[in-house]
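**Student:**
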Amino acid sequence: VGYDWEGKKIVKCNQGDQLDYFLKQMEDPNFWRTVKDTQTGQDIVLTDKDIELIKRIGAHKIPDKEYDEYAPWIEWFTSEVMEMPLRKFPEHKRSFVPSRDEMKRVSKYVYALKMGWMKSRRAMKAKRKAEREKGPQFYMLWKSDDVAEEMRRIQNHIPAPKRPLPGHGESYNPPEEYLFNDRELKKWEKEENLRYKKLHLCHRNITP
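Heads up: the sequence shown runs through residues 111 to 318, numbered per our numbering.
What follows is the structure, encoded as structure tokens:
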């Protein structure tokens with residue numbers, strides 16, 4: 111964290127430059143066994159015991175030299191064959207009779223192999239080997255080129271143009287201020303190029 115046990119701040123020592131590192135490498139006899147602590151930044155000289163421990167770990171050996179890996183140990187599960195059974199009652203009959211479910215499953219497998227629905231590992235291996243030797247197979251997506259053209263014609267279908275939506279030009283009951291008088295009505299009937307020739311107006315005055 112940067113503080114010692116007394117709560118005082120640990121001042122990191124001067125790291126030095128490349129020249130100091132070279133001089134230390136040439137003059138310090140313990141340079142080869144000196145490592146740097148990343149937390150405190152100080153140089154720590156390894157002891158002979160530490161070096162021996164590192165060598166044993168690098169050689170894939172047990173770190174502790176005094177540990178005896180061939181010491182006698184307690185045999186929790188005995189290797190001696192016991193003449194008496196572990197249980198006082200004999201085994202059940204179903205332990206020696208084949209299972210009916212397994213027999214049905216095996217019969218299904220045998221029937222599938224006989225009918226050719228299922229193949230053995232040897233047959234599957236031979237099939238994969240034959241496919242690898244045969245190489246990739248290329249085939250047409252359609253039966254012929256005519257079928258492809260027919261499918262393209264169906265996919266590129268052009269729909270018929272839609273009719274315009276109805277507007278207010280054919281209004282059946284327009285307001286009175288938009289109705290024609292006699293002169294405007296005669297002029298309307300004389301026109302030829304009209305979209306709405308016939309006027310469909312509601313009967314406003316209907317007498318019984």
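Just so you know, even glycine gets a beta-carbon here, dropped at the ideal spot from N, CA and C. All values derive from a computational prediction rather than experimental measurement.
1. Is residue 113 closer than 8 Å to residue 122 when the C-beta atoms are compared?
2. Which full runs of the beta strand (DSSP E) of 3+ residues lie inside the region 126-151, going along the chain?
3. Is residue 217 closer than 8 Å to residue 223 when the C-beta atoms are compared?
4. Short check: CB of residue 156 to CB of residue 145, under 8 Å?
5. How would you write the range of the beta strand (DSSP E) that residue 153 sits in, first residue to last?
6. Which residue's Cα is closest to the Cα of residue 138: 178, 270, 153?
7. Check residue 113 in the structure and name its three-state DSSP category.
8. Could you name the residues that DSSP lists as bridge partners for residue 109?
9. Give the straight-line distance between the Cα atoms of residue 162 and residue 171, rounded to the nearest whole angstrom.
10. Would you decide whether residue 124 is buried or exposed? Buried here means 16 or more other CB atoms lie within 10 Å of its CB.
11. How many angstroms separate the CA atom of residue 148 from the CA atom of residue 178?
**Tutor:** With the given structure in hand:
1. no
2. 144-146
3. no
4. yes
5. 153-155
6. 153
7. strand
8. Absent from the structure is residue 109, since the part of the chain shown begins at 111 and ends at 318.
9. 11 Å
10. exposed
11. 35 Å
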